[in-house]
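Note that the working numbering has the sequence shown beginning at 577, numbered continuously upward. Structure first, commentary second.
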Amino acid sequence: MKSSRSWACPWAVGWSKAPASRKRLQMVDSTTLQRGRHALERRCLQSFAAPASGLGQWTLRCVVRARSPPQPVNAPLRAYYDKEQARITQQVAVAEHGELLGFWWAARDRLQPGRVTFFLFVKPEGRGQGIGRSLYESLERAMQAAQVRQLRVSVWDNQPEDRAFAERRGFIERSHALAMVLDLATFDDRPDDAIIAGLQGEGFQFTSMAALGDTEEAQRKLYALNDTTNRETLGGDGAPSWASFEDFQQRVCRADWYKPGGQMVVIDTATGDWAAMSAISRFDDHAYNLHTGVDRRYRGRKLAQAVKVLALRYARDVLQVATVHTHHNSRNLPMIAIDRKLGYVQTPGTWLMEKSLGCDTPAAAALPD
C-alpha cells in the first residue's frame, strides 16, 4: 500500500549541453524534483491548444541558456535551475515582439533511459495558432533522432481538450493520479488514539527516523521497506524508484527536503521487522505526504491509517502547515479510502499519457545540434 507514486516520472527539465557541443537528453533526478512538479502544474500544465487569435507571426527557437522556470515555482525546482541552468536548453515559441508564447522541456527517465517525460506549455492567449502543434512536432522529431522509445506526459483530468490533443497524436492513458488535500483545521485525530494504542499493545513500536538516530542501518531498512511497498502499489508498473541503496541515500536521505522527524516508522518488536512507514515534509506553504507503505505481511491491521495519522500530526504540530497534499494511483482503492476517512478531499489530478515511438535502437544517441 502506498499513498502516492512519487518517483515514477522525472521532472521534464530540458536538454543538457555535452562536450563538443553535442546535446544529450539530460538524466533528471525525479526524487529531488517531483514535489516541484505539482506546484508548477497547478499554474502551467495547460499542455495543449485552445482557440485564440490575433498574435501575428511567431517562431520556434532553441534556447542555448535556459530561461528561468515559470513563476511561481517552489524551492526545489528553483534550486535545480540555480545549480544546472548553464547546462539546460529548451525549445520555445516566441512572438515577433519577443514575448514567450510556449515551450517544452524533456528529460530521460533516470533508470529507464529509453523513456522520456516531457511538459509542453502554451500561454492561453497563444492557443489556436498552431503553436502547440509545432512545438510537439519539433519535440517528437528530436526524440526520434535521439532514439527514444517512449514518451510520457501528464495532462490535467479536468482538461478534456488537452487529453484529446494528446490522443490525436497517438497517446494512450497509462494511469490516473488522483490529487487529494486535507485541511488540518478540520482534522480530528482523536478517534485514532484507540487504534494506535491497540497496535502498541500488540507489540508494534511507533517511532521515527529521528528517534532512531537516522543511522545508515536505519536508512537501509527504510530503503528496503520504501522500495518494496513502492513496487507493490496497486495500479503501479512495479518499476523501482532507485537503482540501489546508495542511490536512495543520495537522492532521499541527503536531500534538502528530507526530515528524519517526518519519516514515521512502525516496527514489530517481536521480530524487529519494519512493518510500515509514512513520509511527510514541508514544501512551500503546505506539507506533502510522499509515501505511505505497509509490508504485505502486516496489511489489514490498520497500520497504514495509524502511521499516516502520526505523519499528519507531525505536519500540524511540528511543520505547522494548514494543509497536506498527496496523490494516489486511481486503482489504489485501499489507500484512497483511508485518506477519505481522515478527511481528505479530491482535487483535480492528472492522466499519465504514453506513446511508443517504435525505436528499437539503443537510447543513448546524441541529439542533433
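Idealized CB from N, CA, C, for every residue including glycine.
Exercise. Can you name, in chain order, every residue of its own chain whose Cβ lies under 7 Å from the Cβ of Tyr712, other than the five neighbours on each side?
Worked result: Here residue 712 refers to the residue found at position 136 of the sequence shown. The residues are Leu696 and Arg745.
Would you please state the rounded distance, in angstroms, between the beta carbons of His523 and Val900? I believe it to be under 8 Å.
Outside the shown range of the chain (577 to 945) lies residue 523, about which nothing can therefore be said.
Checking contacts by CB at 8 Å: is Ala671 closer than that to chain B?
Here chain B cannot be found, since the structure has a single protein chain.
Mapping the DSSP letters down to three states, classify Leu760 as helix, strand or coil. Position 184 of the sequence shown holds residue 760. In the three-state scheme derived from DSSP, where H, G and I count as helix and E and B as strand, Leu760 is classed as helix.
Give the DSSP-derived three-state secondary structure of Phe780 in the structure shown. If you number the sequence shown from 1, residue 780 lands on position 204. Reduced to three states, the DSSP call for Phe780 is strand.
ask   = Thinking just about the alpha-carbon of each residue, which of Trp732, Arg875, Asp738 and Val841 is nearest to the one in Arg796?
value = Taking the sequence shown and counting its residues from 1, the one referred to as residue 796 is at position 220. Checking every option, the nearest Cα to that of Arg796 belongs to Val841.
Next item on the list: State the Cα-Cα distance for the pair Asn905 and Ser932, rounded to the nearest angstrom.
Entry: Against the sequence shown, residue 905 aligns to sequence position 329. Against the sequence shown, residue 932 aligns to sequence position 356. Distance between the alpha carbons of Asn905 and Ser932: 22 Å.
Rounded to the nearest angstrom, what separates Glu930 and Asp759 at their Cα positions? Start at 1 with the first residue of the sequence shown, and residue 930 comes out as number 354. Start at 1 with the first residue of the sequence shown, and residue 759 comes out as number 183. If you take the alpha carbons of Glu930 and Asp759, they lie about 33 Å apart.
Backbone CA spacing between Ala682 and Thr923 [nearest angstrom]: Counting from one through the sequence shown, the residue named residue 682 turns up at place 106. Counting from one through the sequence shown, the residue named residue 923 turns up at place 347. If I take the Cα positions, the gap works out to 26 Å.
**Asked** Which parts of the region 705 to 764 are runs of the alpha helix (DSSP H), unbroken and 4 residues or longer, counting only runs that do not cross its ends?
**Response** Counting only runs of 4 or more, we get 707 to 721 and 736 to 744.
Boundaries (first-last residue) of the alpha helix (DSSP H) holding Tyr799: Reading the sequence shown from its first residue, position 223 is the one you call residue 799. In this chain, the alpha helix (DSSP H) harbouring Tyr799 covers Glu792 to Arg807.
Q. DSSP state of Met911, grouped into three classes?
A. Mapped onto the sequence shown, residue 911 falls at position 335. DSSP places Met911 in the helix class (H, G or I) of the three-state scheme.
- Classify His614 as helix, strand or coil using the three-state DSSP reduction. Within the sequence shown, residue 614 is the residue found at index 38, counting from 1. For His614, the predicted structure reports a pLDDT of 42, less than 50, and the residue's modelled location is therefore unreliable. A value from the coordinates is still provided. Here His614 sits in helix by DSSP.
Is the Cβ-Cβ distance between Phe824 and Tyr864 less than 8 Å? Residue mapping note: residue 824 aligns to position 248 of the sequence shown, counting from 1. Residue mapping note: residue 864 aligns to position 288 of the sequence shown, counting from 1. No, these two residues do not count as a Cβ contact at 8 Å.
>> At the level of alpha carbons, what is the spacing between Arg725 and Gly789?
In response: Counting from one through the sequence shown, the residue named residue 725 turns up at place 149. Counting from one through the sequence shown, the residue named residue 789 turns up at place 213. When only Cα atoms are considered, Arg725 and Gly789 end up about 43 Å apart.
* Gly838 and Ser817 closer than 8 Å at C-beta -> As a working note, residue 838 is residue 262 in the sequence shown. As a working note, residue 817 is residue 241 in the sequence shown. Against a cut-off of 8 Å, the Cβ pair of Ser817 and Gly838 comes out as no contact.
As assigned by DSSP and simplified to three states, the class of Asn650: As a first step, residue 650 must be located in the sequence shown, where it is residue number 74. Interpretation of Asn650 is limited by its pLDDT of 46, a score under 50 that renders its predicted location unreliable; the figure taken from the coordinates is listed afterwards. When DSSP states are grouped into helix, strand and coil, Asn650 belongs to the coil group.
Practice task
Run the CB neighbour count on Lys917, radius 10 Å, all protein chains shown included, and call it buried at 16 or more, exposed below.
Solution key: Here the question's residue 917 lines up with position 341 in the sequence shown. Looking at its Cβ environment, which holds fewer than 16 other Cβ atoms inside 10 Å, Lys917 is exposed.
- Use the C-beta contact count for Ser784: other C-beta atoms within 10 angstroms, 16 or more gives buried, fewer gives exposed. Mapped onto the sequence shown, residue 784 falls at position 208. The residue is buried, with at least 16 neighbouring Cβ atoms inside 10 Å.
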